[in-house]
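Last residue of the sequence shown: 508 (our numbering), numbering continuous. Backbone N, C-alpha and C define an ideal beta-carbon position, used for all residues, glycine too. Source: prediction; values computed, not measured.
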Amino acid sequence: MFRLMPFVRRGLFEPLHGWISHSPKLRYWRELEKTQFYPEEKLRKIQWRRLSELLRYVAENNDFYCRRFQSAGISPQDIQSPEDLRRLPLLTKAEIRANGQAMISRGFAVERLQKAKTGGSTGKALELYFTEECSELRNACALRHNLWSGWNRGEPIAAIWGNPVLPNTLKETLRQFISGPPVIYLDTMAVSSASVARFVDEWRQVKPTLIFGHAHSLYLLARKLEEMRISDLCPKGIISSSMMLLPHERAKIEEIFGIKVIDRYGCEEVSLIASECEKHEGMHLNIEHLFVEFLRDDDTPVADGEPGRIVVTDLMNRAMPLIRYQVEDVGVPTNRHCSCGRGLPLMENVTGRVADFLVKKDGSRVAGVSLIENTLTRFPGLDQLQIIQTQLQRFVIRIVPGKGYEGQTVKELEKYFKGVFGEETEVEIEKISDIPKESSGKYRFSICALK
Ligand SMILES: [Zn+2]
Numbered sequence: 058m059f060r061l062m063p064f065v066r067r068g069l070f071e072p073l074h075g076w077i078s079h080s081p082k083l084r085y086w087r088e089l090e091k092t093q094f095y096p097e098e099k100l101r102k103i104q105w106r107r108l109s110e111l112l113r114y115v116a117e118n119n120d121f122y123c124r125r126f127q128s129a130g131i132s133p134q135d136i137q138s139p140e141d142l143r144r145l146p147l148l149t150k151a152e153i154r155a156n157g158q159a160m161i162s163r164g165f166a167v168e169r170l171q172k173a174k175t176g177g178s179t180g181k182a183l184e185l186y187f188t189e190e191c192s193e194l195r196n197a198c199a200l201r202h203n204l205w206s207g208w209n210r211g212e213p214i215a216a217i218w219g220n221p222v223l224p225n226t227l228k229e230t231l232r233q234f235i236s237g238p239p240v241i242y243l244d245t246m247a248v249s250s251a252s253v254a255r256f257v258d259e260w261r262q263v264k265p266t267l268i269f270g271h272a273h274s275l276y277l278l279a280r281k282l283e284e285m286r287i288s289d290l291c292p293k294g295i296i297s298s299s300m301m302l303l304p305h306e307r308a309k310i311e312e313i314f315g316i317k318v319i320d321r322y323g324c325e326e327v328s329l330i331a332s333e334c335e336k337h338e339g340m341h342l343n344i345e346h347l348f349v350e351f352l353r354d355d356d357t358p359v360a361d362g363e364p365g366r367i368v369v370t371d372l373m374n375r376a377m378p379l380i381r382y383q384v385e386d387v388g389v390p391t392n393r394h395c396s397c398g399r400g401l402p403l404m405e406n407v408t409g410r411v412a413d414f415l416v417k418k419d420g421s422r423v424a425g426v427s428l429i430e431n432t433l434t435r436f437p438g439l440d441q442l443q444i445i446q447t448q449l450q451r452f453v454i455r456i457v458p459g460k461g462y463e464g465q466t467v468k469e470l471e472k473y474f475k476g477v478f479g480e481e482t483e484v485e486i487e488k489i490s491d492i493p494k495e496s497s498g499k500y501r502f503s504i505c506a507l508k
């Protein structure tokens, strides 16, 4: 049944659903298919026009931003360049938590808005609001980027997710059936041989052509499939998102599924920020929807090739605008161009969350993720690792021992961390069977508990 369904879904169900629900998704998606190939300069003009319109809008309709403009002593007309924009203060997660619904623009009824709640690395949730239209425009954008993987509209999808939201009622099931492709799920909060066997059975019936999930979950699935000697799952595309994709994880996923992984970066607050295309030469920034800045610690912009804190302005959400929002990740902009011909500029990969950087005695910082990558690939017998910096020179290293683990591994690890953080550093190795995940199913590579 599913072999015929993608054509029917693409040609009939999806447009019909869009028409009944007045969704702009398909119309806008067609536009995005064209704009991605505009020259960068033209895309930057569209981006700047949207930004200027947003600034004018918030100055007239949003009390929270009116006050911000006033205290910065500027008006939207004063903002003519990225440099001018930097006169507006950065927006932190703490400010969003403190102001909440007071950040919603006049004329929007909260009860009519969609709400997204993010888990947040510190366990403190953020609540974001947007209109259904904004959500559909984001979906259109996600659709464009999903197509970069080789998947086609209407074809079944496999999602590897923590706590997947499944349709509960008959109405929700029907809605999903009509509006989107069939989706099968593997809950990453509980990956076991039994759950993977069930998932594989379902896969063989539904035949998804796209597999979608957190980087580490895709890696765990690939390892499980290898262990269970299952080699007949052949998607056209794999999209890894929401977590950094470590090189050894990418290599294993690509080996098991026999195709390349598309790495994608985004967050719940603003949706898709950047994504690799089929050429895998960097991540294309979604500049039709976002104005993205990369900043140094002193809030000046970094040079191309230099890591900087990622700051985004969401050009699509007028209900609860996010202007100069600090995502708390670090990424590297680049002026390289991709051979695919798209005008969307590139960034290199994300180098980690701000909170996941560890501090050396001299005050310099190290991305926890690069230490993880170095140790996991260097020392045999380590399945997973998490670094917790409890004091400046005190670390707890949680390890999940794997095949080939031996007592020597612990000594080697201690030596390695002393080498990076100084001989007098205390390193406590804690052997555990599993590293606890956040409620989203992701796990943190490193945690810096220093104030
Ligand atoms: Zn490209």
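**Asked** Among the residues of its own chain, which have a CB less than 6 Å from the CB of residue 382, if the five just before and after it don't count?
**Response** 148 and 369
**Message:** Just to confirm the assignment, what range does the beta strand (DSSP E) spanning residue 30 have?
**Reply:** There is simply no residue 30 to check, as the chain begins at 58 and stops at 508 in what is shown.
**Prompt:** Could you check where the beta strand (DSSP E) with residue 435 kicks off and where it finishes?
**Reply:** Not the beta strand (DSSP E): residue 435 falls in the alpha helix (DSSP H), residues 425-435.
**Message:** Can you list, in chain order, the residues of its chain with a C-beta nearer than 7 Å to that of residue 214? Leave out the 5 residues immediately preceding and following it.
**Reply:** 238, 240, 265, 267 and 269
**Message:** Could you check if residue 273 belongs to the surroundings of ligand 1, using beta carbon to heavy atom distance under 7 Å?
**Reply:** no
**Message:** Could you compute how far the alpha carbon of residue 187 sits from the alpha carbon of residue 115?
**Reply:** 15 Å
**Item:** Length at least 4, wholly inside the region 229-292: the alpha helix (DSSP H) runs in chain order
**Value:** 250-263 and 272-284
**Request:** Would you tell me roughly how many angstroms separate the C-alpha atoms of residue 206 and residue 392, rounded to the nearest one?
**Result:** Distance from the CA of residue 206 to the CA of residue 392, rounded to the nearest whole angstrom, comes to 23 Å.
**Message:** So, for residue 256: in the same chain, excluding its five sequence neighbours on each side, which residues have a beta-carbon less than 6 Å away from its beta-carbon?
**Reply:** Around residue 256: 243.
**Item:** Boundaries (first-last residue) of the beta strand (DSSP E) holding residue 488
**Value:** Where residue 488 is concerned, the enclosing beta strand (DSSP E) stretches over 483-488.
**Request:** Could you tell me if residue 305 is buried or exposed, where buried requires 16 or more neighbouring beta carbons within 10 angstroms of its beta carbon?
**Result:** exposed
**Prompt:** What do you reckon, is the C-beta of residue 198 under 7 Å from a heavy atom of ligand 1?
**Reply:** no
**Asked** Under three-state DSSP, which class holds residue 324?
**Response** strand
**CB contact flag (residue 495, residue 303, <8 Å)** = no
**Asked** Is it buried or exposed for residue 104, if we count other Cβ within 10 angstroms and need 16 for buried?
**Response** buried
**Bounding residues of the beta strand (DSSP E) (the contiguous stretch that carries residue 172)** = 171-175
**Prompt:** When DSSP labels each residue in this structure, what does residue 458 get in the three-state scheme?
**Reply:** strand
**Message:** Is residue 336 near ligand 1 - that is, is its Cβ less than 7 Å away from at least one heavy atom of it?
**Reply:** yes
**Request:** Let me know the alpha helix (DSSP H) ranges lying completely inside the region 79-129, each 4 residues or longer, listed in chain order.
**Result:** 82-92, 97-118 and 120-129
**Message:** Using CA atoms only, rank isn't needed, just tell me which of 86, 401 and 162 is closest to residue 98.
**Reply:** 401
**Prompt:** Thinking C-beta only, is residue 489 closer than 8 Å to residue 470?
**Reply:** no
**Asked** Quick one, which of 191, 323, 275 and 124 has its alpha-carbon nearest residue 310's?
**Response** 275
**Message:** Tell me which residues share the same chain as residue 432 and place their Cβ nearer than 8 Å to its Cβ, disregarding the 5 neighbours each side in the sequence.
**Reply:** 439, 442, 470 and 473
**Message:** Applying the 10 Å Cβ sphere with the 16-neighbour rule, what's the burial state of residue 460?
**Reply:** exposed
**Message:** Beta-carbon within less than 6 Å of residue 491's beta-carbon, same chain only, minus the 5 sequence neighbours each way: which residues are those?
**Reply:** Hits under 6 Å: none found.
**Prompt:** Does the region 353-364 touch the region 374-390, meaning 3 or more C-beta pairs lie closer than 8 Å?
**Reply:** yes
**Request:** Compare the C-alpha of residue 254 against each of 271, 245, 277 and 282 and name the closest.
**Result:** 282
**Request:** Tell me the start and end of each unbroken beta strand (DSSP E) in the region 327-366 that is at least 3 residues and wholly inside, in chain order.
**Result:** DSSP runs (the beta strand (DSSP E)) wholly in the region 327-366: 328-333, 340-342 and 347-352.
**Message:** Between residue 341 and ligand 1, is there a pair consisting of the residue's CB and a ligand heavy atom that are separated by less than 7 Å?
**Reply:** yes
**residue 147, enclosing beta strand (DSSP E) - first and last residue** = Residue 147 -> no beta strand (DSSP E), and no H or E assigned at all.
**Asked** Roughly how many angstroms separate the alpha carbons of residue 507 and residue 454, rounded to a whole number?
**Response** 16 Å
**Prompt:** So is residue 83 in contact with chain D if we call contact Cβ pairs under 8 Å?
**Reply:** The structure shown contains no chain D; it is built from a single protein chain.
**Asked** Taking 7 Å as the cut-off, is the CB of residue 399 close to at least one heavy atom of ligand 1?
**Response** yes
**Request:** Please look up how many angstroms separate the CB atoms of residue 328 and residue 195, rounded, as I've assumed it's under 8 Å.
**Result:** 4 Å
**Prompt:** Looking at residue 123 and ligand 1, is the gap between the Cβ and the nearest heavy atom below 7 Å?
**Reply:** no
**Prompt:** In angstroms, rounded to a whole number, what distance separates the CA positions of residue 345 and residue 372?
**Reply:** Near 8 Å, if we compare the C-alpha coordinates of residue 372 and residue 345.
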